[in-house]
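In what follows, a structure is listed as structure tokens, so that the remarks can point back to it.
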Amino acid sequence: MSRALRPQWPRFMTRVVAASCLLTIVHLMLIQPVLAQAKAVPWVAKSVQPNGFDVQLPGNVNPLPRSGLELEIDSRWINNYGYRPIQVTVSSAKPTTVNHLITIRLYEGFAETVSVEQDIEMPMGSTLIDATIACPQFRGQMNYWWDVWVDGVKEPALSTEAGSGLQVYPAYPNQGTNGSLKFLVLGLPARANQTTSPGASMFETLVLTVPDLPSRWIDYTCFDVIALAPGEMQLIAQTRPDALVAICRWVRCGGQLWISPVGDQWEALLDVERLLKGSAGAVGKATIGDDADVAAGDEVPNHTATSAVPLTDDDVVARGWRPIKIASTAQTNSDAATAADDQTVAKNTRADSLAWYVEQPLGLGFVRVYRKAWEPSGLAWSLQMLNAATPPDESPPMPTPLSAALATTRNWESRHGMAPDAANTDFANLLVPGVGLAPVTEFRILITLFALAIGPVNYWLLKRWNRPHLLVLTVPIMAVLVTLALFAHAILSDGFGTTVRVRSFTSLDQ
């Protein structure tokens, strides 16, 4: 019986070894990558949405940070060019026993990467410290990762790798920033840091609370319009005056501040002017309203008190507010138009926006006040209906206050004249002073003469002198001499100096 079983043992062991090898291969190919991927994500997602992420570190990693600190990174903001303020919060479960210096280096990009580094001091005995890092955003979709050092020692548990999957992408794929206007509005805390958009290529709004408003003007550069109510402006002036000053600085750099509603008879306009003078006066000379009425730097009124002084349209224009001109385009309904209809159209067709809103420049930007309440999503839907297909027998719809508001509000590209991730068609027109264009015509003539001289002429002369074998010497010698001559001419004409081009803007405020 034992003799009969002996030949089966080698076959059994072979099967065991083959099964072990198969299990090892499955573990290496399927299970191990999953475990490695789980270990490669050292963060816990608190919120991940198209306009950014809010993550907390450390996650499920081993070992934990030696310092016992925790890190939270919140990048939720509007998707647009400019600077994205990334909120960084460092916390400790117990009060720290020593002073900590936390260094954070943020990276963003894909093929092209930029990095921003900032130091955060955490005093002894504290449990929470936060900071804002302004990161430049130069394309529609960005990939983020970072390195963290605590007291000069890198903390791997608080750092992430380039492929960690923390991305910010546009709400509408393949459209980048899609050229639509970006609005900042105030809302309830439940909607804070959320973006809304009624449709592609229309509008995109970011909702913030008053405590969440940035205190640096550079953090507003992603927005095209900031829309506030007069009561909200007064609340900001009382509780966050630094934020209102930052907003005025941003307006001076080219932004637009929309304020609505100020009333059918402009009752809240005087309060708006006082608020703007009190905040814009900290930036520079205030130009809003009548300078003799409220001096720059006067104390802003309490947000619960309003003057409610009605003004006529002539008074508003006299104070420096100007309506926007609207080109009138009368609609004709084939042969059905009557004299009464023509009178109605003429009555409702206005040459400017005085019936709805007026504006006044502040630096390079504008402050626009609306009589009635304005809401971005309602404006977007109205424009979408306005731009619908027009029947063939009718002319395009006449301009409305909504279409005029859109046409006179510039997005990021139109304000700056370029997009960071696109070619600048005007670059070739901005020449360096003293440096002309390349001599293309002269180069074509010289290269043609050189080809004739080094080729046919050289061969004809050497053949006439019965020395064609010298071609192997004359061709390289002539090429070297011509190259040296061109190089010497470039040195003598241009030299080794550096010539730069500077484009500047100077504002002379009288």
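The sequence shown begins at 9 in the numbering used here and counts up one residue at a time.
In this text, a Cβ means the ideal position worked out from N, Cα and C, and glycines have one as well.
Since the structure is predicted, the reported quantities are computational estimates derived from the model, not experimental observations.
- Within its own chain, the residues whose Cβ lies closer than 8 Å to the Cβ of S134, once the five positions on either side in sequence are excluded, are S100, P103, T104, listed in chain order.
- Only exposed fits K54, as fewer than 16 other CB atoms lie within 10 angstroms of its CB.
- In the structure shown, G171 adopts coil according to DSSP, grouped into three states.
- The DSSP-derived three-state label of A359 is coil.
- By the C-beta density criterion, D138 is exposed, having fewer than 16 other C-beta atoms within 10 angstroms.
- Around the C-beta of D434, fewer than 16 other C-beta atoms lie within 10 Å, and the residue is accordingly described as exposed.
- Per DSSP, H477 lies in no beta strand (DSSP E) segment and is marked neither H nor E.
- The beta carbon of D159 is closer than 7 Å to those of H108, L109 in its chain, skipping five residues each way along the sequence.
- Rounded to whole angstroms, the separation of the alpha carbons of Q95 and D82 is 5 Å.
- Judged by their CB atoms, V233 and V377 are not nearer to each other than the 9 Å cut-off.
- Per DSSP, the continuous alpha helix (DSSP H) segment holding C256 begins and ends at 249 to 260.
- P318 is classed as exposed because its beta carbon has fewer than 16 other beta carbons within 10 Å across all chains shown.
- With contacts defined as CB atoms closer than 9 Å, V366 and V324 qualify as a contacting pair.
- Within a 10 Å sphere around the beta-carbon of M150 sit 16 or more other beta-carbons, which makes this residue buried.
- The alpha carbon of A170 has as its nearest neighbour, out of V56, A381, W154, W274, the alpha carbon of W154.
- When the alpha-carbon of G67 is set against those of N59, E78, L494, the nearest one is in E78.
- With respect to the C-alpha of D272, the residue from T320, P428, L494, L370 having the closest C-alpha is T320.
- Inter-segment contact for the segment 215 to 225 and the segment 240 to 255 is present: three or more beta-carbon pairs are separated by less than 8 Å.
- Between L65 and L166, the C-beta spacing is below 9 Å.
- Taking 9 Å as the cut-off, the beta carbon of V215 is found closer than this to the beta carbon of L196.
- A distance below 6 Å between beta-carbons, with the five flanking residues on each side excluded, links A235 to the following residues of its chain, in chain order: F191, V193, W266.
- Taking the C-beta atoms as reference points, E125 is found nearer than 9 Å to I112.
- Of the candidates G173, L283, T140, V448, the residue whose Cα lies closest to the Cα of P50 is G173.
- Here A415 is not near E421, since their CB atoms are 9 Å or more apart.
- A237 has its alpha-carbon roughly 8 Å from the corresponding atom of V270.
- Beta-bridge analysis with DSSP links P219 to no other residue.
- The beta carbon of S515 is closer than 8 Å to those of G371, L372 in its chain, skipping five residues each way along the sequence.
- Y365 is bridged by DSSP to Y378.
- A direct Cα-to-Cα measurement between I453 and K471 gives close to 26 Å.
- Under DSSP, A142 takes part in a beta bridge, and its partners are P93.
- Per DSSP, reduced to three states, the secondary structure at E78 is strand.
- Only residues of its own chain outside the window of five on either side were considered, and among them V158 have a CB closer than 6 Å to the CB of S75, listed in chain order.
- Just so you know, the alpha carbons of L30 and T22 end up roughly 12 Å apart.
- With fewer than 16 neighbouring CB atoms inside 10 Å of its own CB, G505 falls in the exposed class.
- F231 and Y89 have their alpha carbons spaced roughly 9 Å apart.
- Assigned with DSSP and collapsed to three states, Q246 falls in helix.
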